[in-house]
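Here the structure comes first, spelled out in structure tokens, and everything after it is commentary.
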Amino acid sequence: MPEAISSAPNTPLVGIVLRERWAAVFDAAQQAAGTFSVAEGGLRPDLLKVVRKATKTGRALLPLIASGVRNESLSGAERAFADAAHLLSPIRDRDALLKTVERLFLGKDDERARHVHDLLAAVITASERSPVEDRSFEHASVDRAMIAMTRAEAVISTVDWSAVSATAIGAVVGDAWKAARRRANREWNLDGEAPHELRKECSRIVQHLLLLDDSLPKSTRRFRQQLRRVTSSLGDEHDLAMLGERMSMERDRLGNGSFVDAALALCRKARLRLREQAGHSLVEAMTIRPRELARSITSS
156 MPEAISSAPN TPLVGIVLRE RWAAVFDAAQ QAAGTFSVAE GGLRPDLLKV VRKATKTGRA
216 LLPLIASGVR NESLSGAERA FADAAHLLSP IRDRDALLKT VERLFLGKDD ERARHVHDLL
276 AAVITASERS PVEDRSFEHA SVDRAMIAMT RAEAVISTVD WSAVSATAIG AVVGDAWKAA
336 RRRANREWNL DGEAPHELRK ECSRIVQHLL LLDDSLPKST RRFRQQLRRV TSSLGDEHDL
396 AMLGERMSME RDRLGNGSFV DAALALCRKA RLRLREQAGH SLVEAMTIRP RELARSITSS
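All residue numbers for the sequence shown refer to this note's numbering, where the first residue is 156 and numbers rise by one.
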């Protein structure tokens with residue numbers, strides 16, 4: 156466990172904490188990626204989640220250490236993390252859709268429900284490749300993602316961690332929260348991709364704060380929990396949106412137009428409820444203003 160950050164606002168210890176937190180996440184991703192190719196099917200989503208966590212943590216770390224990295228190297232590392240996330244996204248989306256279907260049919264065990272569940276699962280997992288080819292594709296995607304992240308890690312390893320400043324970190328996180336608040340106030344109708352973009356902005360702030368969690372005051376940790384509720388609700392909403400798109404695109408294969416219409420209506424209703432939940436959590440989070448958030452990090 157890393158030592159807590161001391162009360163001095165620009166103590167070198169903040170850099171040591173970030174370095175140790177990142178090293179733990181990256182090492183876990185390497186181990187998960189190495190296990191992925193031999194893991195049973197039921198374990199693979201959790202292993203993939205560990206690898207994906209490294210892409211999110213790494214991308215959140217980069218702006219916090221930007222002052223100690225050349226601009227070109229920084230943008231290169233960001234691109235490498237983005238490439239890794241892109242490689243993993245199709246596997247994650249498939250797993251998320253299957254999990255969403257499981258939740259939709261939880262507690263429904265009649266013959267009709269089982270038939271529809273199996274049909275949806277078959278549509279989601281349908282592939283033009285054989286199962287062996289699909290598995291090889293997933294292995295290659297995870298391997299390539301780790302290669303990309305290793306390039307980014309080579310940049311991160313050059314950072315002078317003693318020069319990392321809590322004041323600079325506070326400014327970065329405060330500015331990120333200011334941008335997220337602006338988006339939420341401007342686009343809270345949450346049509347189209349707006350919920351997804353807001354979720355990504357809030358998720359990045361959550362990752363920032365997780366890198367510093369032990370040192371933060373209770374009010375800031377509570378703020379992080381509120382943002383996590385926002386990202387959880389909007390993440391589930393995004394998965395339902397993807398499921399609705401897939402059902403609509405594959406309605407001929409599902410065989411019953413009236414069923415598809417009813418299912419899409421249920422998805423829209425559930426998405427609206429999740430947006431409302433996200434809105435309530437966001438209103439709670441907005442009681443902390445960007446400058447207050449920045450100060451809580453600088454003075455911790």
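Glycine residues also receive a C-beta, built at the ideal position from the N, C-alpha and C atoms. These figures come from a predicted structure and were not determined experimentally.
- By the C-beta density criterion, LEU198 is exposed, having fewer than 16 other C-beta atoms within 10 angstroms.
- Around the Cβ of HIS393, a 10 Å sphere holds 16 or more other Cβ atoms; the residue is buried.
- Per the coordinates, the alpha-carbon of ARG444 lies some 38 Å from the alpha-carbon of LEU419.
- With respect to the C-alpha of CYS422, the residue from ALA440, LEU437, ARG401 having the closest C-alpha is ARG401.
- If you draw a straight line from the Cα of ALA184 to the Cα of VAL205, it comes to about 6 Å.
- Ranked by Cα distance from ALA334, the first of ILE360, GLU175, THR313 is ILE360.
- With at least 16 other beta carbons inside 10 angstroms of its own, MET304 counts as buried.
- For the pair of segments examined, the stretch 185-194 was found not to touch the stretch 318-337: the number of CB pairs separated by less than 8 Å stays below three.
- Taking C-alpha positions only, HIS363 is separated from HIS294 by approximately 29 Å.
- The Cβ neighbour count for MET301, taken over all protein chains shown within 10 Å, is at least 16; the residue is labelled buried.
- LEU448 and ASN340 have their C-alpha atoms some 18 Å from each other.
- Scanning the stretch 288-338 for uninterrupted beta strand (DSSP E) segments of 3 residues or longer gives nothing; none is fully contained.
- Between LEU219 and VAL319, the C-beta gap is smaller than 9 Å, which places the two residues in contact.
- Under the criterion of beta carbons closer than 8 Å, ALA440 and LEU382 qualify as touching, at roughly 5 Å.
- Remark: three or more beta-carbon pairs, one from each stretch, lie closer than 8 Å, so the stretch 304-313 and the stretch 224-243 are flagged as touching.
- The alpha-carbon separation between SER451 and LEU275 amounts to approximately 47 Å.
- Between LEU259 and ALA268, the alpha-carbon positions lie close to 10 Å from each other.
- Proximity to ALA417 across GLY434, LYS211, SER403 peaks at SER403, based on C-alpha coordinates.
- Assignment of VAL224 by DSSP, reduced to helix, strand and coil, places it in the coil class.
- For LYS263, the secondary structure class from DSSP, reduced to helix, strand or coil, is coil.
- The three-state reading of DSSP puts SER282 in coil, since its state is none of H, G, I, E or B.
- Per DSSP, the unbroken alpha helix (DSSP H) holding VAL206 starts and ends at 199-219.
- Shortest Cα-Cα distance from LEU395 to any of ASP407, LEU366, PRO350, THR375 involves PRO350.
- Looking at the backbone, the Cα of VAL256 and that of ALA323 are separated by about 43 Å.
- Counting C-beta atoms within 10 angstroms of its own C-beta, GLU431 has fewer than 16 neighbours from the protein chains shown and is therefore classed as exposed.
- It is roughly 9 Å from the alpha-carbon of ARG338 to the alpha-carbon of GLU356.
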